[in-house]
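The numbers in this note's numbering rise by one with no breaks, and the one at position 24 of the sequence shown is 24. Positions of the beta carbon are idealized from the N, C-alpha and C atoms, including for glycine.
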Amino acid sequence: MACRYQIVKKYHVVINDDAKEDLTKYRDYLLKQKCSQQAARNLVLDFRETRKTLELVAGSIHEPESEALRKRGLKRINLLKHDYFLLYKIEGSKAYVTNMFHSLEDYESKLR
1 MACRYQIVKK
11 YHVVINDDAK
21 EDLTKYRDYL
31 LKQKCSQQAA
41 RNLVLDFRET
51 RKTLELVAGS
61 IHEPESEALR
71 KRGLKRINLL
81 KHDYFLLYKI
91 EGSKAYVTNM
101 FHSLEDYESK
111 LR
């Protein structure tokens, strides 16, 4: 019996300035408003883990249900352990993370 190996395309993930600002905003909220260094640190670690996961799965995530996201060519990946998600766009072998939102936000009205 022959073994079958599936070649996984690895994407180079680029975090744009808006997404970096979003992460900083949420981290600072946890630090300053909730006074929780641990929660802020865990959020940043989850962001990094999700970014690494995105390198492997960016192309396999299904098209979003949101018409606003489809029109912009954006896809969504949830953070692995927190109620936040990243929006990203694929161009060739790169996945550009454009924004980060909390799952309860009206993100469509805030898209940049």
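Taking three-plus beta-carbon pairs below 8 angstroms as touching, is the stretch 48 to 65 in contact with the stretch 20 to 32?
With the cut-off at 8 angstroms, the stretch 48 to 65 and the stretch 20 to 32 do not touch.
For Ala-95, which residues of its own chain have a beta-carbon under 6 angstroms away from its beta-carbon, when the five flanking residues on both sides are left out?
Looking up residue 95 in the sequence shown gives position 95. For Ala-95, where only same-chain residues beyond five positions count, the Cβ hits under 6 angstroms are Tyr-11, Val-13, Leu-54, Ala-58, Tyr-88.
I need the DSSP call for Asn-16, collapsed to helix, strand or coil.
Reading the sequence shown from its first residue, position 16 is the one you call residue 16. Asn-16 falls in the coil class under three-state DSSP.
Going residue by residue through the stretch 60 to 87, where are the continuous alpha helix (DSSP H) segments of at least 4 residues, counting only ones entirely within it?
Taking only runs of at least 4 residues, the alpha helix (DSSP H) segments lying wholly in the stretch 60 to 87 are 67 to 72.
Using alpha carbons as the reference points, say which of Ile-7, Ser-93, Lys-25, Val-8 lies closest to Asn-99.
In the sequence shown, counting from the first residue as 1, residue 99 sits at position 99. Asn-99 has its Cα closest to that of Lys-25, out of Ile-7, Ser-93, Lys-25, Val-8.
Would you mind reading off the limits of the alpha helix (DSSP H) that contains Lys-52?
Along the sequence shown, read from residue 1 onward, the residue named residue 52 stands at position 52. Here the alpha helix (DSSP H) through Lys-52 covers 37 to 57.
Would you kindly report the start and end of the unbroken beta strand (DSSP E) that includes Tyr-96?
Stepping through the sequence shown from its first residue, residue 96 is reached at position 96. Counting along the chain, the beta strand (DSSP E) containing Tyr-96 begins and ends at 94 to 102.
I need the DSSP call for Lys-9, collapsed to helix, strand or coil.
For the purposes of this step, residue 9 is taken as residue 9 along the sequence shown, with counting starting at 1. DSSP places Lys-9 in coil when its eight states are reduced to three.
So if DSSP puts Lys-110 in a beta bridge, which residue, or which two residues, is it bridged to?
The residue you call residue 110 lines up with position 110 of the sequence shown. None, per the DSSP bridge assignment.
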